[in-house]
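Shown next, in structure tokens, is the structure this report addresses.
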Amino acid sequence: MTNATNPTQWPKFEHAGIWYADHCEVLLIELSVPVIFLQRWWRQRAKPRKNQKVYTIIRRGRFFTVAGSAERLRFKDPALLRKFRAFEKLDGTNLGVRCDGAVFGRRTRVFKDSYQKVPLDGVVPTAKEVRAVKQVLLGSETANGTELVLYGELMCNPRKFDYDERSMDSKFYCFGAMVRFPDTFSGKDVLAAQRAIKQRGFAPTINGNSSGRVALNDRLRELLVGQGIPCAPLLGEGPFGELCLSMKATLMKDGMEGVVLTGDDGSLKKWKTSVEDESKTHAMLSALIQQHPRYVFELAGVDVDVIQCMIDVSAKKTTTGQASKARKPNKEKKKTTANKTAPFDDATHEAALVSAMTKYDALEAYFDRGDQATIIGLLNKEVTDDLGAVGKEQIKCIGAAVGKKVGSALGRWKNVQTRTV
Numbered sequence: 563m564t565n566a567t568n569p570t571q572w573p574k575f576e577h578a579g580i581w582y583a584d585h586c587e588v589l590l591i592e593l594s595v596p597v598i599f600l601q602r603w604w605r606q607r608a609k610p611r612k613n614q615k616v617y618t619i620i621r622r623g624r625f626f627t628v629a630g631s632a633e634r635l636r637f638k639d640p641a642l643l644r645k646f647r648a649f650e651k652l653d654g655t656n657l658g659v660r661c662d663g664a665v666f667g668r669r670t671r672v673f674k675d676s677y678q679k680v681p682l683d684g685v686v687p688t689a690k691e692v693r694a695v696k697q698v699l700l701g702s703e704t705a706n707g708t709e710l711v712l713y714g715e716l717m718c719n720p721r722k723f724d725y726d727e728r729s730m731d732s733k734f735y736c737f738g739a740m741v742r743f744p745d746t747f748s749g750k751d752v753l754a755a756q757r758a759i760k761q762r763g764f765a766p767t768i769n770g771n772s773s774g775r776v777a778l779n780d781r782l783r784e785l786l787v788g789q790g791i792p793c794a795p796l797l798g799e800g801p802f803g804e805l806c807l808s809m810k811a812t813l814m815k816d817g818m819e820g821v822v823l824t825g826d827d828g829s830l831k832k833w834k835t836s837v838e839d840e841s842k843t844h845a846m847l848s849a850l851i852q853q854h855p856r857y858v859f860e861l862a863g864v865d866v867d868v869i870q871c872m873i874d875v876s877a878k879k880t881t882t883g884q885a886s887k888a889r890k891p892n893k894e895k896k897k898t899t900a901n902k903t904a905p906f907d908d909a910t911h912e913a914a915l916v917s918a919m920t921k922y923d924a925l926e927a928y929f930d931r932g933d934q935a936t937i938i939g940l941l942n943k944e945v946t947d948d949l950g951a952v953g954k955e956q957i958k959c960i961g962a963a964v965g966k967k968v969g970s971a972l973g974r975w976k977n978v979q980t981r982t983v
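Per the numbering used here, residue 563 is the first one in the sequence shown, and the count goes up by one each step.
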């Protein structure tokens, strides 16, 4: 394959706090559905039954039925009972190894023997190991013509979160796999393959008709470890509500980037510590918990303790400690080739920017908070690391490209705000 583009990129996934805030909003809406139904019936009570109108109850674009809402209100919030596993979210760089031995960064193929200054030989899985995983995961009936890419974190930041002291630097930790089916596969073929993968004990989710993600679960961990491929550390498992409460003390220390919550159905949620989380989690949950007294949440089946737990974890801290230690800059003087390397072209900047933006919230979310400086800094670092920029001219041009991208989006956002006032 000569094309440098990564055809099977690891997809982004949502923040646990934002997902749970949206879920709680739906439960609160459902609490009012039986009341709305009774109010409507009461207004029409004097009419003959044949003349009474039954209107659909729609809230936030969703249809709600009285029977369904009343039934759910009888039981504890089902989301709290869903089983998840918490894996440490490692802060390195995204790297994938395909079954033919090709290595991919988040966006493009890696042709060198090292990536982000980490030698790859003896660190990443071999083609033989990936093919062995593919054979077990897909089975002989699906393996032919199907591509498998094992994705993991290449530990290129040894001074972060004590990775060097934990002997984790310059290593590869797998966190899942991507499957790309042949173009000849129909939608039915893909669904049949997904069912077969589930029957083997794995947790796949299909993205369209061409590719699917396989989340890290007990079966995949067992298979990977059997091939000598290390996985992201497992920190805990259990029902969502209990797991969140049990992880609070660990996450409050800010001694890691966060955790990835993996469901039995293959769903993924990221839960970052306060120093790493740039999402709307804290604002959304804080606003939600102020809307109603505790008994209203309890009537709706919402666990206020879980909401408060996520608020506490996402709250920005002013004290210095493990977080500052985790972000301690490398004092060793780095050798650079400033002014010796030509700047990247516009197309390269744009491709790297588009890729980097998939890691964070939409730019408009930062504009709403008046926090454009934060996203500019994050994108600058991400693009610089992605492209491996070393010269002053390269870094300067990256800064200009990021500033132009964010500035243009900010201008469009301001125009929309002006028109809607």
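Built from N, CA and C at the ideal position, the CB exists for glycine as well.
Asked                                                                                                                                                                : Found
How would you label Q979, buried or exposed, when you count the other beta carbons within 10 angstroms and need 16 or more for buried?                               : exposed
Would L716 and F737 qualify as a contact pair, given that the criterion is a beta-carbon distance under 8 Å?                                                         : no
Return the CA-CA distance between V821 and F723, expressed in angstroms with no decimal places.                                                                      : 13 Å
Tell me whether K967 is buried or exposed, calling it buried when 16 or more other Cβ atoms sit within 10 Å of its Cβ.                                               : buried
Could you round the C-beta distance between L589 and V864 to whole angstroms and report it? I think they count as a contact, below 8 Å.                              : 5 Å
Reducing DSSP to helix, strand and coil, say where P855 ends up.                                                                                                     : coil
Could you check what DSSP says for A739 in three-state terms: helix, strand or coil?                                                                                 : strand
Starting from G803, follow the alpha helix (DSSP H) in both directions and report where the run begins and ends.                                                     : 802-814
If I'm right that L657 touches V692 with Cβ under 8 Å, what's the distance once you round it to whole angstroms?                                                     : With 8 Å as the limit, L657 and V692 do not qualify as a contact, their Cβ atoms being about 13 Å apart.
May I ask you to report which of helix, strand or coil DSSP gives G579?                                                                                              : helix
Restricting to Cα atoms, I'd like to know which of L682, G684, E709, G965 is closest to V984.                                                                        : Given a span of 563 to 983 for the chain in the structure shown, any question on residue 984 remains unanswerable.
Go ahead and label N706 buried or exposed: buried means 16 or more other beta carbons lie within 10 angstroms of its beta carbon, across all protein chains shown.   : exposed
Would you check if the region 668-680 and the region 944-951 touch, i.e. whether three or more CB-CB distances between them fall below 8 Å?                          : yes
If I measure Cβ to Cβ from V665 and keep anything under 6 Å in the same chain, skipping five residues before and after, which residues do I get?                     : V659, V672
Mind listing, in chain order, the continuous beta strand (DSSP E) runs of no fewer than 3 residues lying wholly within the region 652-703?                           : 655-660
For D826, collect the residues of the same chain with a Cβ closer than 6 Å to its Cβ; drop the 5 residues on either side in sequence, then sort them by chain order. : K645
Using 10 angstroms around the beta-carbon of G663, count the other beta-carbons present and answer buried if the total reaches 16, otherwise exposed.                : exposed
Just mark N942 as buried or exposed, buried being the case when its beta carbon has 16 or more other beta carbons within 10 Å.                                       : buried
So, for G654: in the same chain, excluding its five sequence neighbours on each side, which residues have a beta-carbon less than 7 Å away from its beta-carbon?     : E715, L716, M717, C718, N719
Going along the chain, which residues of its own chain have a beta-carbon closer than 8 Å to the beta-carbon of R856, five neighbours each way excluded?             : V866
Does DSSP put V952 in a helix, in a strand, or in coil?                                                                                                              : coil
If I follow the unbroken alpha helix (DSSP H) through S917, where does it start and stop?                                                                            : 908-919
Which word fits G788, buried or exposed, when buried means at least 16 other C-beta atoms lie within 10 angstroms of its C-beta?                                     : exposed
Would you report the Cα separation of G969 and R669, rounded to the nearest angstrom?                                                                                : 24 Å
Roughly how many angstroms separate the alpha carbons of A648 and K810, rounded to a whole number?                                                                   : 12 Å
Ignoring anything shorter than 3 residues, give me the beta strand (DSSP E) runs that lie fully in the region 818-874, in order along the chain.                     : 820-825, 830-834
If I measure Cβ to Cβ from T570 and keep anything under 7 Å in the same chain, skipping five residues before and after, which residues do I get?                     : E709, V711, M740, R742, S773
Using only CA atoms, which one of K976, G790, I791 lies nearest to G932?                                                                                             : K976
Would you call V964 buried or exposed, if buried means 16 or more other Cβ atoms sit within 10 Å of its Cβ?                                                          : buried
Beta-carbon within less than 6 Å of A755's beta-carbon, same chain only, minus the 5 sequence neighbours each way: which residues are those?                         : T704
Quick check: K815 and H577, are their CB atoms within less than 8 Å of each other?                                                                                   : no
Does DSSP put A765 in a helix, a strand or coil?                                                                                                                     : strand
Straight-line CA distance for E840 to S829?                                                                                                                          : 21 Å
For Q697, which residues of its own chain have a beta-carbon under 6 Å away from its beta-carbon, when the five flanking residues on both sides are left out?        : A705
When we look at the beta-carbon of Q956 and count the other beta-carbons within 10 Å, is it buried (16 or more) or exposed?                                          : buried
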